[in-house]
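S.K.:
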Amino acid sequence: MAELIVNEMKVQHFHAPQIIKAMGYPAKHSIAAIDRLRYVLCSPNLGLDGSYIDAFYSSPEFLVELFNILDITPEQYLEEMASILQRLKQSK
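Every number in our numbering is 115 more than the matching position in the sequence shown, counting from 1.
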């Protein structure tokens, strides 16, 4: 999924600061939000492990909002997200 997100960012000429702004993060939180976006895109579990927390989005909500910003239908990836969450839960 991370590859899909990165490809859509390239196709739509979106950069991290634009995405974070579109997600509604205030300017004073933009650096932390960009760090979170990078973490999600580099994480094998898309950041769904809950290790990156902010006051704006839970881990699944962050991904769904990111999909919405990039015009990716999140519903088609909910099953994959649920599978990742289940794997993480079992590994604890």
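Virtual Cβ for every residue (Gly too), placed ideally from N, Cα, C.
Ends of the alpha helix (DSSP H) at Q133?
M.R.: Unbroken alpha helix (DSSP H) run through Q133: 131–137.
S.K.: Nearest-angstrom Cα distance between I58 and P175?
M.R.: Because the chain spans 116 through 207 in this model, residue 58 falls outside it and cannot be assessed.
S.K.: Which stretch, first to last residue, makes up the alpha helix (DSSP H) that contains Q201?
M.R.: 193–206
S.K.: Roughly how many angstroms separate the alpha carbons of E195 and L178, rounded to a whole number?
M.R.: When rounded, the distance between both Cα atoms is 12 Å.
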